[in-house]
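Enquirer:
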Amino acid sequence: MKYFFYVFYPLHIWILYIIGYLLEKN
Numbered sequence: 234m235k236y237f238f239y240v241f242y243p244l245h246i247w248i249l250y251i252i253g254y255l256l257e258k259n
């Protein structure tokens with residue numbers, strides 16, 4: 234359960250980071 238938490242907790246942060254990067258790139 235802790236592994237699941239460590240994998241999926243930063244997932245939304247990475248998604249927001251990638252979206253922000255793509256928006257700034259265009």
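One point on numbering: in the working numbering, the residue at position 20 of the sequence shown is 253, and numbering is uninterrupted. Idealized CB from N, CA, C, for every residue including glycine. Treat the numbers as computed from the prediction; the structure is a model and nothing was measured.
(1) Suppose you measure from the CA of G253 to the CA of F238; what does that come to, to the nearest Å?
(2) Roughly how many whole angstroms lie between the Cα atoms of K235 and L255?
(3) Assuming Y242 is part of the alpha helix (DSSP H), what are its boundary residues?
Expert: On the basis of the coordinates in this document:
(1) One-based indexing of the sequence shown puts residue 253 at position 20. One-based indexing of the sequence shown puts residue 238 at position 5. About 24 Å.
(2) Position 2 of the sequence shown, counting from 1, holds the residue named residue 235. Position 22 of the sequence shown, counting from 1, holds the residue named residue 255. Approximately 31 Å, taken between the alpha carbons.
(3) Translated into the one-based positions of the sequence shown, residue 242 becomes position 9. Counting along the chain, Y242 falls outside any alpha helix (DSSP H), and DSSP gives it neither H nor E.
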